[in-house]
Every structure is written in C-alpha cells, then in structure tokens.
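Residue numbers (our numbering): 117 to 296.
Note that beta-carbon positions come from the ideal geometry of N, C-alpha and C, so glycine has one too.
This report concerns only the one structure given below.
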C-alpha cells in the first residue's frame, strides 16, 4: 500500500517562462500529478490524504476524481470523545473545555495527543496557555514548545548523553518549518 500524505501540499500552479518563444505558461501541478497518478498507479493499493476542500477544487479543475474504492472524511473530535480521551487528565479537560480556542485546537486528533503529552502532570502550564493573549499561531507555538519540553525531558531520562539541546531542537524545527 502506498501512502501519499498531503496531496494538497503540491503547489496548485506553476508559471514558467519559455526562454525561446518568450511566452509564459501556467501549469496546474496538482492536476498533472492526478493524471499521472491515475495512469501509472492504477491497480495498486493507495491511501491519499489532503484537505477535503482542496480535493474538491482539484477534482473540479481536472474534470475527474481519483478512482477510489472509498473515502473517509475525518470529522472534528466531539467533546465526549475528548473528555473520554483525557479521562486520566480531568484537569486538562476542564482547561480545554473552558477555553473555546484551546478546545477548537484539541478537536484535531494530532493536537489532542500533543496536548495530552505536553501537559501531562503539569496543569499549571496548561492554565497559562489558556491565559495567553494572541492568535492561534501563538497558541500553537506554545503548545509545541511544551510538547518538545516534555518529550525532551522524557528522552533525557532514557539516554541523557545523546540528545541535542532544546535550543538546537527548536532551531532545527524552525529551519524545517521555514522551508515549508
């Protein structure tokens, strides 16, 4: 089975200049990929992930859909599911429930897991996150810093000599994010 994660992250279009003729041509890279994909990989087991709206736009531009046996649309997690998931961390659930911005973030499975790991046994830090002024970007930054801090601490307990510093980890993550 092939996993193609992030079909929507392929640039939608690319404009190129023809040096010889001087004309510019805009290519739809996602549509080109979709056409090559359906020709070359037909019959193989494939999982493709992307945002639903981006997939719909891609299909509209190409005039056809991926030939698939089924599709799954991941829905935001419900309050009941989040509460159950955090049953061992009831204080964290209380903090998330009381802040609409944090609860909206926790509706995404990956971010819920990151919340659970980042704030395990340190609810005072989660309360600080709820008090943070700023937009969703600042909230995510603080959430990821807390996650890295917790994971770094956990890994230090297992093997303290082989780890880069947290500052180096943040620097590397920043470089990776800047490339994307």
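Residue i in three-state terms, based on DSSP
i	result
residue 272	helix
residue 193	coil
residue 188	coil
residue 121	strand
residue 141	strand
residue 165	strand
residue 221	helix
residue 232	helix
residue 127	coil
residue 173	helix
residue 250	coil
residue 227	helix
Rounded separation between residue i and residue j - CA only
i	j	result
residue 286	residue 172	35 angstroms
residue 118	residue 205	36 angstroms
residue 215	residue 200	18 angstroms
residue 328	residue 252	Only positions 117 to 296 of the chain appear in the structure, and residue 328 is not among them; the question remains open.
residue 174	residue 140	22 angstroms
residue 170	residue 270	38 angstroms
residue 128	residue 239	42 angstroms
residue 227	residue 212	12 angstroms
residue 177	residue 160	24 angstroms
residue 293	residue 187	29 angstroms
residue 125	residue 166	8 angstroms
residue 236	residue 163	33 angstroms
Opening and closing residue of the alpha helix (DSSP H) in which residue i lies
i	result
residue 290	282 to 295
residue 239	239 to 247
residue 208	206 to 214
**Prompt:** Would the stretch 243 to 250 and the stretch 270 to 279 be scored as touching if the rule is three or more Cβ pairs under 8 angstroms?
**Reply:** no
**Request:** Check whether the stretch 188 to 196 touches the stretch 149 to 162, counting contact only when three or more Cβ pairs, one atom from each stretch, lie closer than 8 angstroms.
**Result:** no
**Message:** So, does the stretch 253 to 267 touch the stretch 210 to 228, judging by three or more C-beta pairs under 8 angstroms?
**Reply:** yes
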